[in-house]
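**Q** Numbering (our numbering), first residue to last: 12 to 241.
All C-beta atoms in this analysis are idealised placements derived from N, C-alpha and C, irrespective of residue type, glycine included.
If you want it as structure tokens, here you go:
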């Protein structure tokens, strides 16, 4: 109803659940595919809750549902696991990066061809400048960059529309039926999706505004006492 074209399902299982976990996830993905149809991309994010063996089993189980990618199945420090997993599953792209920090960790993924989609979080990877360097590493290797939750921040929106190898932007906020997304806007001046698309603000900077009630005198005495309050 809001016009979004592509969708993501998050993690309902952990690797220690074994066959029960496989069954739970397949049921959820099958239901999601039936709802969104065959003309929408569908992604699945296990949120670092798999090991390599379980990720391979899950990828095989979900093969019939045509996932756009399998996202962050392993912990970010397991470079060897990412390399092994990428070699083992060639029918679904592997995306990761939300919890990777600094361009060096992304360079390792790219050099080892252990990833198909880079997903730096612009707040956690080292900032927008660092994200641009990460993008350049991926672009040089023919790998796209789709930052984590880019459409949910002004800086992410500008990144997504400016970078040619960033073909979509993730938006994760949601409202109850009948409540406009505009009412959830966390930052004054930040555009919200309209019919599945976002047009970044053309106001100065990132287009953010400051509410007058946010501007209060600073109490130096209170700050010295570690309260920060008047």
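For residue 100, collect the residues of the same chain with a Cβ closer than 7 angstroms to its Cβ; drop the 5 residues on either side in sequence, then sort them by chain order.
**A** One-based indexing of the chain shown puts residue 100 at position 89. Closer than 7 angstroms at the Cβ level, and outside the excluded window around residue 100, lie 67, 70.
**Q** So, helix, strand or coil for residue 56, using DSSP?
**A** Along the chain shown, one-based indexing puts residue 56 at 45. Residue state, collapsed to three classes: strand.
**Q** I'd like to check one pair, residue 108 with residue 133: are the Cβ atoms closer than 8 angstroms?
**A** Residue mapping note: residue 133 aligns to position 122 of the chain shown, counting from 1. Residue mapping note: residue 108 aligns to position 97 of the chain shown, counting from 1. No. Outside cutoff.
**Q** Do residue 176 and residue 156 have their CB atoms nearer than 8 angstroms?
**A** Here residue 176 is taken as the residue at index 165 of the chain shown, counted from 1. Here residue 156 is taken as the residue at index 145 of the chain shown, counted from 1. Yes, the Cβ-Cβ distance between residue 176 and residue 156 is below 8 angstroms.
**Q** By Cβ distance below 7 angstroms, which residues in the same chain neighbour residue 112 in space, the five residues on each side in sequence not counted?
**A** Here the question's residue 112 lines up with position 101 in the chain shown. Excluding sequence neighbours, residue 112 sits near 135, 136, 137.
**Q** Use the C-beta contact count for residue 126: other C-beta atoms within 10 angstroms, 16 or more gives buried, fewer gives exposed.
**A** Counting from one through the chain shown, the residue named residue 126 turns up at place 115. With 16 or more Cβ atoms within 10 Å of its Cβ, residue 126 is classed as buried.
**Q** Within 8 angstroms of any Cβ in chain B, is that where the Cβ of residue 98 sits?
**A** Within the model displayed, chain B is absent; a lone protein chain is all it includes.
**Q** Helix, strand or coil: how does DSSP classify residue 86 here?
**A** For the purposes of this step, residue 86 is identified with residue 75 of the chain shown, where counting begins at 1. Coil at residue 86, not helix or strand.
**Q** With a 10 Å radius around its C-beta and 16 neighbouring C-beta atoms as the bar for buried, classify residue 128 as buried or exposed.
**A** Looking up residue 128 in the chain shown gives position 117. Looking at its Cβ environment, which holds 16 or more other Cβ atoms inside 10 Å, residue 128 is buried.
**Q** Taking the runs of the alpha helix (DSSP H) that are 4 residues or longer, which of them lie wholly in the region 163-241?
**A** The DSSP assignment places 165-173, 231-235 as complete runs of the alpha helix (DSSP H) inside the region 163-241, in order along the chain (cut-off: 4 residues).
**Q** Should residue 65 go down as buried or exposed, given a rule of 16 or more other Cβ atoms within 10 Å for buried?
**A** Taking the first residue of the chain shown as position 1, residue 65 is located at position 54. With 16 or more other Cβ atoms within 10 Å, it is buried.
**Q** At what residues does the alpha helix (DSSP H) containing residue 120 begin and finish?
**A** Position 109 of the chain shown, counted from the first residue, corresponds to residue 120. Here the alpha helix (DSSP H) through residue 120 covers 114-122.
**Q** Look at residue 219 and residue 165 and say whether their C-beta atoms are less than 8 angstroms apart.
**A** Stepping through the chain shown from its first residue, residue 219 is reached at position 208. Stepping through the chain shown from its first residue, residue 165 is reached at position 154. Against a cut-off of 8 angstroms, the Cβ pair of residue 165 and residue 219 comes out as a contact.
**Q** At which residues does the alpha helix (DSSP H) containing residue 39 begin and terminate?
**A** Here residue 39 refers to the residue found at position 28 of the chain shown. Element bounds for residue 39: 29-47.
**Q** Looking at the secondary structure, which residues open and close the beta strand (DSSP E) in which residue 105 lies?
**A** On the chain shown, residue 105 is found 94 positions in, with the first residue counted as 1. Element bounds for residue 105: 105-107.
**Q** Whose C-beta lies closer than 8 angstroms to the C-beta of residue 83 among residues of the same chain, with five residues either side of it excluded?
**A** For the purposes of this step, residue 83 is taken as residue 72 along the chain shown, with counting starting at 1. Same-chain partners within the cutoff: 56, 57, 58, 59, 106, 107, 108, 109, 110, 130.
**Q** Do you know how far the Cα of residue 63 is from the Cα of residue 38?
**A** Position 27 of the chain shown, counted from the start, is the residue given in the question as residue 38. Position 52 of the chain shown, counted from the start, is the residue given in the question as residue 63. If you take the alpha carbons of residue 38 and residue 63, they lie about 21 angstroms apart.
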